[in-house]
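Participant: Take a look at this one; I'll ask things after.
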Amino acid sequence: MAERVVAFLDVLGFSEQVRSQTQEELVEIYAALISAAYENTTIVSVPDDWRKWDSEPFYHPWEERKTRYVHMMMGSDSIVVFSDDATRHGAGAVLGSVYRLLRASFRLGMPLRGGISIGELTVVDGDDVAEPGSWTATVGGFVGLGLVKAHELERDFQWSGVVLEPTVQELLCSELRAALGDEFENFDATRAIPFVADYPAPHKNPARATSRWVVDWPTEIDDGLAPLTREHVRRSFESHGRSIDEDDPRAKSENTLMFWDARVAGDAHSA
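Just remember that the numbering used here sits 2 ahead of the position in the sequence shown, which is counted from 1.
Structure (C-alpha cells):
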C-alpha cells in the first residue's frame, strides 16, 4: 500500500451557494473551479488526447513545457490532492499545487479550507459492473488513513487556509536538517522552504490553539497572473450568494483577512 502526501480541501459555504444559485449558475462556477484544480495540479507533459495517434503529432510549445505536479480528484465541494509517494519531492509538489489552488480559489470566490497529511492512500479501480449491452459503467475511488487524517485536520480550523501536519513539516525539512546538522535547531526553516509560514492558525477550540506551519498563500510568488488582492479575499466570502451575517462565516472571513494582513503588511498588494 502506498504512503502519500495528501491534501484535503473543502469549499467554504458551498451548501449556501448551492441553495442561492440556479443550477446553471452553479455549474458554470463549479466548472471554473474544476478547471483551476486541473490547471494547478494534474498538468501532463504531453496531453493524452487524439493527437497522439497522428503520424507526426503537433503540440504547442506551452503544452510540451508543462510538467506533472500531483494528482487530483474532486467530488462536490471537496478536492483531494495527492503525490505518488511520501517523499520530500512529493511533499513540495503537493504544497506548491495547494498554494496555487488557494490563490485561484479566492479569485473565483470559492474560498478553500484544508489540511495536508501523510498516510496510506490507495486508488481503487473497479471493473465494468454493467450488464452487457450498449451501456457501460465503471466503479472506482480512493481510501486510506492519509485522507482521513487530512480531513480531520481541515475541519479543526476556522478560516480559509491550509494547515500542515507535523509529519509533513518534518518531511519538508529532511534535506535541510541533513545539510545543517546541529545548526538546524536554531534555523528558521520557513526562510528556506517556499509556500510555508509559521502562524497561530485559528483553531475552533481556543485551548488547542498553537503556532503551526501553514500554506503561505498571501505571499506573492510569480504565477504569471495579476496580483491577488485583499479585496479578492474579502469578496470571496460573500460571492455567489453567500452571506457572512452569521457568527461562523464572519469569524472565518475575519480570521482569513487577519492572516493576509500579517503576511502582507505594508505591501502594495494589500490595498
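C-beta atoms are modelled at their ideal positions from N, C-alpha and C, and glycine is treated no differently.
Here the structure is a predicted model, which is why all the values come from computation and not from measurement.
Going by Cα to Cα distance, which pick from G146, A9, A203 is closest to W215?
Facilitator: When only C-alpha atoms are compared, the closest one is A203.
Participant: How would you label S107, buried or exposed, when you count the other beta carbons within 10 angstroms and need 16 or more for buried?
Facilitator: Under this definition S107 is a buried residue.
Participant: Within 8 angstroms, do at least three Cβ pairs link the region 236-246 to the region 205-224?
Facilitator: They do not touch, by the three-pair rule.
Participant: Give me, in chain order, the residues of the same chain whose beta-carbon lies closer than 8 angstroms to that of F182; leave out the 5 immediate sequence neighbours on both sides.
Facilitator: In the sequence on display, residue 182 carries Leu and not Phe. Answer for L182: F189, listed in chain order.
Participant: Which same chain residues end up closer than 7 angstroms to M76 when comparing Cβ atoms and leaving out the 5 residues on each side of it in sequence?
Facilitator: Closer than 7 angstroms at the Cβ level, and outside the excluded window around M76, lie I36, A39.
Participant: Do L155 and L123 have their CB atoms nearer than 7 angstroms?
Facilitator: Contact flag unset, no.
Participant: Could you tell me the alpha carbon to alpha carbon distance between F186 and L230, rounded to whole angstroms?
Facilitator: About 33 angstroms.
Participant: Considering D263, what are the terminal residues of the alpha helix (DSSP H) in which it resides?
Facilitator: Looking at the DSSP string, the run of the alpha helix (DSSP H) that includes D263 is 249-265.
Participant: Rank G143, V217, S17 by C-alpha distance to the C-alpha of W262 and give the top, closest one.
Facilitator: Here the closest residue by C-alpha is V217.
Participant: Since I118 and V145 should fall inside the 8 angstroms C-beta cutoff, what is the C-beta to C-beta distance between them, to a whole number of angstroms?
Facilitator: Not quite, the Cβ-Cβ distance comes to about 18 angstroms (not below 8 angstroms), so this is no contact.
Participant: Taking the alpha carbon of E233 as the reference point, which residue from E248, V13, S255, P168 has its own alpha carbon closest?
Facilitator: Here the closest residue by C-alpha is S255.
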